[in-house]
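**Q** Numbering (numbering that gives the first Met the number 0), first residue to last: 0 to 369. Using N, Cα and C, we set each Cβ at its ideal position, and we do this for glycine too. Before we start, here is the structure in question, set down as structure tokens.
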Amino acid sequence: MQVGKNKSPMDMEGGKLAMETEEVKSLLSSENPTNSATSDTTEDTSKSNAPIVSIIGLKILVLLAFQNCFKNLLMRFIMKDKPDFLTSAAVIGVEIVKLTLCVLYILIIDRRSLWSIFEFMKDDYKHALLLTIPAAAYSFQMSMEYVALANLDAAIFSVLVQSKLLTTASFSAVMLRKRFKFIQIVSLVLLTVGVMLININNMKEGGEDNSSNMKGIMATLGIAVSSGFASVYTEKVIKAQRSNSVSRKNYSLAYMQVQLALVSLVILGIYAIVMDYEKIRNNGLLHNFTTGAFVSVFNSAIGGLIVAAVLKYADSVLKSYATAISVVMTGVLSMLLFGTQLNAIYGLGIINVVCAVLLYNGKNLDKLAC
0 MQVGKNKSPM DMEGGKLAME TEEVKSLLSS ENPTNSATSD TTEDTSKSNA
50 PIVSIIGLKI LVLLAFQNCF KNLLMRFIMK DKPDFLTSAA VIGVEIVKLT
100 LCVLYILIID RRSLWSIFEF MKDDYKHALL LTIPAAAYSF QMSMEYVALA
150 NLDAAIFSVL VQSKLLTTAS FSAVMLRKRF KFIQIVSLVL LTVGVMLINI
200 NNMKEGGEDN SSNMKGIMAT LGIAVSSGFA SVYTEKVIKA QRSNSVSRKN
250 YSLAYMQVQL ALVSLVILGI YAIVMDYEKI RNNGLLHNFT TGAFVSVFNS
300 AIGGLIVAAV LKYADSVLKS YATAISVVMT GVLSMLLFGT QLNAIYGLGI
350 INVVCAVLLY NGKNLDKLAC
């Protein structure tokens, strides 16, 4: 599942609050030159003594990178032979595991009762209704991951899925009237070129598998579009309602994950009935569900919880580094484990994508390098 791939509104509010705090600090320092000079000196001294990445930040970077890489490789290993099980059942399984783990967390770690969950859901039902669209988008993304990795190498998928940065920026410009820095425009151009290079290289080497490759590419692009829309929708609609929402200071992140999982299960249940009713009626929901499928379900569920848990400790810059590392690791390990052929065109494409991810979220890019 993409890193992302699905911030909770609470996490997004924290990120915005941090950004607004930085803007206020910048404004105050610009209005008072003396304070600005003093603060600059203090900041330079503190920055020279502080490590570039904190210990917690370094652990998060490694955790996110390995989780993203392992998820892609595992799902490719399971799906490369195109097993005949229902992807809707797999996605439902992911949400059930997440729901179970979150409820256990509330009972054991938070030491609160099941009734507290019902109270949270009752008091915050309006927010739950607003979650239907991002929950549907997230469920669609998980389903498309199985389709994409059944038809594409993990190395190709890990690069192409980064086009969600471009779709998120496009939806932000249209729906939020967001304005972008020049360096971000450059990064989006680099990303587009990198994705085009990977696509051209993949279709060129596909041979008789071109139709399968195209199916995987379309599924990956569907993930990118869905991810971009869900992110912008969450920011525009759900955050606008946060003042009317129940106070969340008394509830841990597990409550929000329970809320999202319950909404997702309702949507996935409807989807499974509409799309796979005949297969479920004749063969059952878990027909041809292999051991590998069960492993992928647990991995996706635990990985989603890990990402949700560490988001509050990781800023966008740190996550971009983790994404870049996971893309490179996936390419190298895919070559070693699955024999994926990585040529110069792929190398150029991956360099473009990695640079685009780092530049889009970069800070202090106007400073001299040497």
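#1: Where residue 178 and residue 169 are concerned, what is the direct C-alpha to C-alpha distance, given to the nearest angstrom?
#2: Can you tell me whether DSSP reads residue 275 as helix, strand or coil?
#3: Confirm, please, whether the CB-CB distance from residue 267 to residue 87 is below 9 Å.
#4: Measuring CB to CB, does residue 166 end up less than 9 Å from residue 223?
#5: Identify, in the order they occur along the chain, each residue of the same chain with its Cβ nearer than 6 Å to the Cβ of residue 68, setting aside the five sequence neighbours on each side.
#6: Between residue 353 and residue 321, is the Cβ-Cβ spacing less than 9 Å?
#7: Am I right that residue 141 and residue 90 are in contact with their C-beta atoms under 8 Å? What's the rounded C-beta distance?
#8: State the CB to CB distance for the pair residue 190 and residue 355, rounded to an integer number of angstroms; the pair is presumed to be in contact (CB under 8 Å).
#9: Going straight from the alpha carbon of residue 30 to that of residue 359, what length do you get?
#10: Between which two residues does the alpha helix (DSSP H) harbouring residue 86 extend?
#11: Under a three-way DSSP split, which group does residue 133 fall into?
#12: If residue 171 and residue 96 are in contact, beta carbons under 8 Å, what's the gap, nearest whole angstrom?
#13: Output needed for residue 215: all residues of its chain with C-beta closer than 8 Å, excluding positions within five of it in sequence on either side, in chain order.
#14: Span of the alpha helix (DSSP H) holding residue 351?
#15: So, under 8 Å CB-CB, residue 130 and residue 252 are touching, yes? Tell me the CB distance rounded to an integer number of Å.
#16: Output the distance between the C-alpha atoms of residue 220 and residue 236, rounded to the nearest integer angstrom.
#17: Does the Cβ of residue 188 have 16 or more other Cβ atoms within 10 Å, making it buried, or fewer, making it exposed?
**A** So, from the data block:
#1: What you label residue 178 is simply residue 179 of the sequence shown in a count that begins at 1. What you label residue 169 is simply residue 170 of the sequence shown in a count that begins at 1. The alpha-carbon separation between residue 178 and residue 169 amounts to approximately 10 Å.
#2: Along the sequence shown, one-based indexing puts residue 275 at 276. The three-state secondary structure of residue 275, taken from DSSP, is helix.
#3: Indexing the sequence shown from 1 puts residue 87 at position 88. Indexing the sequence shown from 1 puts residue 267 at position 268. Cβ distance < 9 Å, so residue 87 and residue 267 count as in contact.
#4: Position 167 of the sequence shown holds residue 166. Position 224 of the sequence shown holds residue 223. By the CB criterion at 9 Å, residue 166 and residue 223 fall inside the cutoff.
#5: Here residue 68 corresponds to residue number 69 of the sequence shown, with the count starting at 1. Correct list, in chain order: 325, 328 and 329.
#6: Numbered from 1 along the sequence shown, position 354 holds the residue referred to as residue 353. Numbered from 1 along the sequence shown, position 322 holds the residue referred to as residue 321. No, these two residues do not count as a Cβ contact at 9 Å.
#7: Position 142 of the sequence shown, counted from the start, is the residue given in the question as residue 141. Position 91 of the sequence shown, counted from the start, is the residue given in the question as residue 90. Between the beta-carbon of residue 141 and that of residue 90 there is about 5 Å, and that keeps the pair under the 8 Å contact cut.
#8: Translated into the one-based positions of the sequence shown, residue 190 becomes position 191. Translated into the one-based positions of the sequence shown, residue 355 becomes position 356. Confirmed, Cβ separation roughly 4 Å.
#9: Here residue 30 corresponds to residue number 31 of the sequence shown, with the count starting at 1. Here residue 359 corresponds to residue number 360 of the sequence shown, with the count starting at 1. Any reading at residue 30 must be qualified, since the residue scores a pLDDT of 39, below 50, and its modelled position is unreliable; the value itself is stated next. Approximately 28 Å between the Cα atoms of the pair.
#10: Taking the first residue of the sequence shown as position 1, residue 86 is located at position 87. Start and end: 86 to 107.
#11: Within the sequence shown, the letter at position 134 stands for residue 133. Taken through DSSP and simplified to helix, strand or coil, residue 133 comes out as helix.
#12: Sequence index remark: in the sequence shown, residue 171 carries index 172 (1-based). Sequence index remark: in the sequence shown, residue 96 carries index 97 (1-based). With a Cβ gap of about 32 Å, residue 171 and residue 96 do not count as contacting.
#13: Position 216 of the sequence shown, counting from 1, holds the residue named residue 215. So the qualifying residues of the chain are 146, 147, 148, 149, 150, 151, 155 and 156.
#14: Translated into positions along the sequence shown, residue 351 becomes position 352. Element bounds for residue 351: 343 to 359.
#15: Taking the first residue of the sequence shown as position 1, residue 130 is located at position 131. Taking the first residue of the sequence shown as position 1, residue 252 is located at position 253. Going by Cβ atoms, the distance from residue 130 to residue 252 rounds to 15 Å, so no, they are not a contact pair.
#16: Residue 220 sits at position 221 when you count from the first residue of the sequence shown. Residue 236 sits at position 237 when you count from the first residue of the sequence shown. If you draw a straight line from the Cα of residue 220 to the Cα of residue 236, it comes to about 24 Å.
#17: The residue labelled residue 188 in the question sits at position 189 within the sequence shown. With fewer than 16 other Cβ atoms inside 10 Å of its own Cβ, residue 188 counts as exposed.
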